[in-house]
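Going line by line, the protein sequences match chains D and F. No gaps in the numbering here: position 2 of the first sequence is 2 in this note's numbering, and each next residue is one more. No gaps in the numbering here: position 61 of the second sequence is 414 in this note's numbering, and each next residue is one more.
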Amino acid sequence: MPVFIKGVGCISPQPTYNGQFLNELTAYTGEYFTSAEPDYKAYLNPALIRRMGKILKMGVASASICLQDAKVENPDAIITGTGLGCIVDTDKFLTAIIENEEQFLTPTNFIQSTHNTISAQIALSLKCLNYNFTYVHRGFSLESALQDSIMMLKEGEAKDILVGGVDEITQTYYAITKRMGFWKKNVEGHLSLAKANTKGTIAGEGATYFVLSQEESSSNYAELKDLATIYRPKDIEEIESELHKFLEKNDLAVNDLDLVILGINGDQRGDQVYHDLANGLFKDQSLAYFKHLSGEYPTSVAFGVWMGAKIMKSQEIPSGVILENANKGEIKNILIYNHYRDINHSIYLLTHI
Amino acid sequence: MSKRVVVTGMGLVSGIGNNLEQTWDSLISSKSGIGDITWLNTRHKNNLPVSEVKLSSDELVGLAGLTSKNGYSRSSLLGTVAAREAVRNAGIKNINEYRTGIVSATSVGGMEKSEVFFADFLKDNTKGELRNIVTHDCGDTTEKIADSLGIKQYMTTISTACSSSANSIMFGARLIKHNILDRVIVGGTDSLTKFTLNGFNTLMILDKDHCRPFDDTRTGLNLGEGAGFLVLESEETAGSKEIFGEITGYANANEAFHQTASSPEGDGAYQAMKKALEVSGLSIEDIDYINVHGTGTLNNDLSEGRAMERLFNSKVPLFSSTKAFTGHTLGACGGIEAIFSFLSIKYNTIFPNLNFGTQMKELTVSPVDKLKRNVAIDHVLSNSFGFGGNNSSLILSRYRQR
Numbered sequence: 001m002p003v004f005i006k007g008v009g010c011i012s013p014q015p016t017y018n019g020q021f022l023n024e025l026t027a028y029t030g031e032y033f034t035s036a037e038p039d040y041k042a043y044l045n046p047a048l049i050r051r052m053g054k055i056l057k058m059g060v061a062s063a064s065i066c067l068q069d070a071k072v073e074n075p076d077a078i079i080t081g082t083g084l085g086c087i088v089d090t091d092k093f094l095t096a097i098i099e100n101e102e103q104f105l106t107p108t109n110f111i112q113s114t115h116n117t118i119s120a121q122i123a124l125s126l127k128c129l130n131y132n133f134t135y136v137h138r139g140f141s142l143e144s145a146l147q148d149s150i151m152m153l154k155e156g157e158a159k160d161i162l163v164g165g166v167d168e169i170t171q172t173y174y175a176i177t178k179r180m181g182f183w184k185k186n187v188e189g190h191l192s193l194a195k196a197n198t199k200g201t202i203a204g205e206g207a208t209y210f211v212l213s214q215e216e217s218s219s220n221y222a223e224l225k226d227l228a229t230i231y232r233p234k235d236i237e238e239i240e241s242e243l244h245k246f247l248e249k250n251d252l253a254v255n256d257l258d259l260v261i262l263g264i265n266g267d268q269r270g271d272q273v274y275h276d277l278a279n280g281l282f283k284d285q286s287l288a289y290f291k292h293l294s295g296e297y298p299t300s301v302a303f304g305v306w307m308g309a310k311i312m313k314s315q316e317i318p319s320g321v322i323l324e325n326a327n328k329g330e331i332k333n334i335l336i337y338n339h340y341r342d343i344n345h346s347i348y349l350l351t352h353i
Numbered sequence: 354m355s356k357r358v359v360v361t362g363m364g365l366v367s368g369i370g371n372n373l374e375q376t377w378d379s380l381i382s383s384k385s386g387i388g389d390i391t392w393l394n395t396r397h398k399n400n401l402p403v404s405e406v407k408l409s410s411d412e413l414v415g416l417a418g419l420t421s422k423n424g425y426s427r428s429s430l431l432g433t434v435a436a437r438e439a440v441r442n443a444g445i446k447n448i449n450e451y452r453t454g455i456v457s458a459t460s461v462g463g464m465e466k467s468e469v470f471f472a473d474f475l476k477d478n479t480k481g482e483l484r485n486i487v488t489h490d491c492g493d494t495t496e497k498i499a500d501s502l503g504i505k506q507y508m509t510t511i512s513t514a515c516s517s518s519a520n521s522i523m524f525g526a527r528l529i530k531h532n533i534l535d536r537v538i539v540g541g542t543d544s545l546t547k548f549t550l551n552g553f554n555t556l557m558i559l560d561k562d563h564c565r566p567f568d569d570t571r572t573g574l575n576l577g578e579g580a581g582f583l584v585l586e587s588e589e590t591a592g593s594k595e596i597f598g599e600i601t602g603y604a605n606a607n608e609a610f611h612q613t614a615s616s617p618e619g620d621g622a623y624q625a626m627k628k629a630l631e632v633s634g635l636s637i638e639d640i641d642y643i644n645v646h647g648t649g650t651l652n653n654d655l656s657e658g659r660a661m662e663r664l665f666n667s668k669v670p671l672f673s674s675t676k677a678f679t680g681h682t683l684g685a686c687g688g689i690e691a692i693f694s695f696l697s698i699k700y701n702t703i704f705p706n707l708n709f710g711t712q713m714k715e716l717t718v719s720p721v722d723k724l725k726r727n728v729a730i731d732h733v734l735s736n737s738f739g740f741g742g743n744n745s746s747l748i749l750s751r752y753r754q755r
């Protein structure tokens, strides 16, 4: 039985939380992207907002937006993927430990730093007593959460599963990873990030949730047809081989792909894979990308999946994300190819309902 | 989806032993691993007892089959040692002979090294050795273990506080049942850190003495460190290997009550145990022993005890907490205690709930407080309950051919 994307919710550096679909893009300056956040009072208990860290607010609000979109009140499972977890609270508690020499500490930041706090807070806000998991594995975090969801739907007892990818950015994290050469000097010109031929990418953050269900409905966004992961592929040949296997398994030829969404992030080194595919295997396909809007973070692929789902439902590709337009007409099959720091590679197939 | 998931290998390292054999020796001689802090550089050094693995990180490097510890946090060293033992124990010569993956768990990841980095970084953000911070995230721990085992096909990391590695076992079993993998190395690892030591201390749930799980006078838990991994295989892949047992039931429920505390009635614990039983198809009479979460905190033991009495209609099976041996190993406890449960099954033995003296006034039951041998044990219920209301229960059974 097929698995459908029944609802979506997205908080990202672009205004996306209100169902907007990337029609008016905001150009930023500065060192890294931070989320365009909604007025959280609309989604969270005002008394709690003050004490909740940013990642919790983003996560709970995005989940709320998604459930509303799916018209689901109580999901049968809540599964979150996060690559770094709650780093604002981790930072605060660790700083307090060091600066106060392990004295006069308060527990709030420690409690909120546990990786599964996002899933837990969502459950608390809904009084949801069901299955509650958190995957924390870099660029496989969302994929693991989705794999779990797909299996759970096939097991037959869950109807609607809330599943998503969330990560936040902090000045500390940015400063440390800057020393490691992760980033460009600043985000200027990010709307044409695909043309950048320099080292480093742009850091971002976001919270994107989906409701997955096996229920057929004309309001579903797309079918999540297949998902595959590759760990540290040796070379482009290994990647192409996996892509061929993936397509074969799904009875598709390359030309059946009406759109290919790539995880291009402007980093000269990491983007080589995407350029090879764009000039090789996918040279005749329509191409789009998303990290010039989401920024790069372990679960940024969730933004790409959100974008794919919205494109499938609207049958329109926002002009600001197009790399190549092969004018395919009806969009029936969308392939997403992404990697996180060349460690975690993933392939998604979305098909029209 | 009626594939049976069996255990063909186990490996662990904790305060009571650097491998399975040493662990067994400690368990049957009531030798606890709890004592003074030695390697962690903390002001609590002489105040809070913990269960340290009795090996320095340098010593772990050799056992892990590495030449240098560069790039390996203590959590990944512990995990690599335990996972390698599990794979050896399962008689696996070629890891990629079948579709094999690893599902690990950790709550601290590489924090033990991150703390060292931060101490320098906070004073001057151009300082701090980057090699101490690159191992921070949970995924790094698992990838290091995967790399050392040669696993590439599938890997992920679960982090749900104290239920983490029980959840790894659950997810790994399901991956086999769905025919995505034939074999999964499952479990978890957590090293001691100032972060968790201070975190639990500020919550005021640490015992200044050795913990007394399920005792009326208990005052808290002792932290521990360690790693425990099991090799799960489908029955077909296992072939004629020695089988330690079978994963027959599992469940995860969320209490949605409070971020750190359990409801006094233990609703989450009750739901997890009840659902796990349903998955196994067993009835309450079939459970011979419960390896309880039993941390020794006022809150956990009360909730868990009440939930057990409710579920088993006051005919609570024999139970014990092994945390007075190993301390609370956080992300590793589900894996470590599943291994203890399979040892119980294999050797028909119940390991004692050390330091027990007085029955809790709210309960009508007490744990097994002395080593008990020659007990018929076919089915064990193993509980792991974590922060965020994350409650997981596993049903672990003697393997019988059908």
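Ideal placement from N, C-alpha and C gives every residue a C-beta, glycine not left out.
* **Close Cβ partners of K627 (chain F) (< 7 Å) along its chain, the five nearest in sequence each way excluded** => The beta carbon of K627 (chain F) lies closer than 7 Å to those of L664 in the same chain, with the five residues before and after it left out.
* Nearest to A458 (chain F) by CA position, among F:G688, F:S421, F:N532 and F:R484, is which residue? -> The residue with the shortest Cα to Cα distance from A458 (chain F) is F:G688.
* When the distance is taken between beta carbons, is I600 (chain F) closer than 8 Å to L747 (chain F)? -> Cβ distance < 8 Å, so L747 (chain F) and I600 (chain F) count as in contact.
* To do: Residues of the region 658 to 690 of chain F with a CB closer than 7 Å to any CB of chain D: list them in chain order, please.
  => Look at the region 658 to 690 of chain F: it has no residue with a C-beta under 7 Å from a C-beta of chain D.
* Hey, would you say F21 (chain D) sits closer than 8 Å to P318 (chain D), going by beta carbons? -> Result yes, Cβ atoms of F21 (chain D) and P318 (chain D) sit closer than 8 Å.
* Asked: Taking 7 Å as the line, does the beta carbon of I347 (chain D) fall inside it for any heavy atom of the ligand ZN?
  -> Questions concerning the ligand ZN fall outside what the structure shown contains, since it holds no ligand whatsoever.
* Taking three-plus beta-carbon pairs below 8 Å as touching, is the region 509 to 524 of chain F in contact with the region 559 to 568 of chain F? -> Because the criterion of three Cβ pairs below 8 Å is not met, the region 509 to 524 of chain F and the region 559 to 568 of chain F do not touch.
* Closest by CA to N109 (chain D), which one among F:I692, F:D620, F:Q612 and F:T495? -> The candidate whose alpha carbon is nearest that of N109 (chain D) is F:Q612.
* Using the Cα positions of A175 (chain D) and S62 (chain D), report the straight-line distance between them to the nearest angstrom. => Linking A175 (chain D) to S62 (chain D) through their CA atoms gives a straight-line distance of about 27 Å.
* Asked: Within 8 Å (strictly less), CB to CB, does L630 (chain F) reach chain D?
  -> Not closer than 8 Å to any Cβ of chain D, the Cβ of L630 (chain F) fails to qualify, so no.
* **Alpha-carbon spacing of E482 (chain F) relative to S385 (chain F), whole angstroms** => One C-alpha to the other measures close to 36 Å.
* Asked: Residues of chain D with CB under 9 Å from L393 (chain F), in chain order?
  -> What L393 (chain F) touches in chain D: nothing, since even the nearest Cβ is about 11 Å away.
* To do: Using a Cβ cut-off of 8 Å (strictly closer), state whether A514 (chain F) contacts chain D.
  => Interface with chain D (8 Å Cβ-Cβ cutoff): A514 (chain F) is included.
* Applying a beta-carbon distance threshold of less than 8 Å, which residues of chain F neighbour F182 (chain D)? -> Simply none; closest approach about 11 Å.
* How many whole angstroms separate the CB atoms of Y642 (chain F) and V733 (chain F), which I take to be in contact at a CB cut-off of 8 Å? -> The C-beta separation of Y642 (chain F) from V733 (chain F) comes to about 5 Å, placing the pair in contact by the 8 Å criterion.
* Asked: Is the shortest distance between the beta-carbon of S460 (chain F) and the beta-carbons of chain D less than 8 Å?
  -> Cβ-Cβ to chain D under 8 Å: yes for S460 (chain F).
* Asked: Along the chain, where does the beta strand (DSSP E) that runs through D76 (chain D) open and close?
  -> Segment: none, D76 (chain D) is in no beta strand (DSSP E) and carries neither H nor E.
* **Beta-carbon proximity of I311 (chain D) to Y289 (chain D), cut-off 8 Å** => Judged by beta-carbon spacing, Y289 (chain D) lies beyond the 8 Å limit of I311 (chain D), meaning their Cβ atoms are not closer than that value.
* Sequence-distant residues of its chain with Cβ nearer than 8 Å to A47 (chain D) (five each side left out) -> There are no such residues.
* Within 7 Å of chain D by C-beta, residues of the region 475 to 496 of chain F in sequence order -> Here the close residues are L475, N478, L483, I486, D490, C491, G492 and T495.
* Scan the region 501 to 527 of chain F for residues whose Cβ lies nearer than 7 Å to a Cβ of chain D and list them as they occur along the chain. => Taking 7 Å as the Cβ-Cβ cut-off against chain D, the residues of the region 501 to 527 of chain F that qualify are K505, M508, T509, T510, I511, S512, T513, A514, N520, F524 and R527.
* Taking only beta-carbon atoms, is L556 (chain F) less than 8 Å away from chain D? -> Taking 8 Å as the CB threshold, L556 (chain F) lines the interface with chain D.
* By how many angstroms is the C-alpha of D256 (chain D) removed from the C-alpha of N333 (chain D)? -> One Cα belongs to N333 (chain D), the other to D256 (chain D), and the distance between them is close to 7 Å.
* Quick one: Cα of W183 (chain D) to Cα of I239 (chain D), how far? -> Each residue's Cα considered, the two are about 25 Å apart.
* **Reduced DSSP category for S149 (chain D) - H, G, I as helix; E, B as strand; rest coil** => Helix.
* Residue of F:I448, F:K356 and F:S737 minimising C-alpha distance to A629 (chain F) -> The shortest C-alpha separation from A629 (chain F) is found at F:S737.
* To do: Report yes if the CB atom of T542 (chain F) is closer than 8 Å to the CB atom of G418 (chain F), and no otherwise.
  => No; because the gap between Cβ atoms is not below 8 Å, this pair is not in contact.
* Asked: Is it true that the CB of S521 (chain F) sits closer than 8 Å to the CB of K466 (chain F)?
  -> Between K466 (chain F) and S521 (chain F), the gap from beta carbon to beta carbon reaches 8 Å or more.
* Asked: What does T613 (chain F) touch in chain D if you count any residue whose Cβ is under 7 Å from its own?
  -> Below the 7 Å Cβ cutoff, chain D contributes I111 as neighbours of T613 (chain F), in chain order.
* Asked: Listing by chain order, which chain F residues have their CB less than 7 Å from the CB of V305 (chain D)?
  -> Near V305 (chain D) there are no residues of chain F at all, since even the closest Cβ is about 17 Å away, more than 7 Å.
* Asked: Is any beta-carbon of chain B found at less than 8 Å from that of R357 (chain F)?
  -> Of the protein chains in the structure, D and F, none is chain B.
* Residue range of the unbroken alpha helix (DSSP H) whose run includes N485 (chain F) -> Taken as a continuous stretch (DSSP letters only), N485 (chain F) belongs to no alpha helix (DSSP H), as it is neither H nor E.
* Which class does V584 (chain F) belong to by DSSP, given the choice of helix, strand or coil? -> In the structure shown, the three-state DSSP call for V584 (chain F) is strand.
* Do the region 697 to 715 of chain F and the region 643 to 659 of chain F make contact, defined as three or more Cβ pairs closer than 8 Å? -> Three or more pairs of CB atoms, one per stretch, sit closer than 8 Å, so the region 697 to 715 of chain F contacts the region 643 to 659 of chain F.
* Asked: Looking at chain F, which residues of the region 210 to 235 of chain D have a Cβ within less than 8 Å of any of its Cβ atoms?
  -> Residues T229, Y231 and R232.
* Asked: Counting Cβ pairs, one atom from each stretch, are 3 or more of them under 8 Å apart for the region 531 to 542 of chain F and the region 584 to 602 of chain F?
  -> Three or more beta-carbon pairs drawn from the region 531 to 542 of chain F and the region 584 to 602 of chain F are found closer than 8 Å, and the two stretches are therefore classed as touching.
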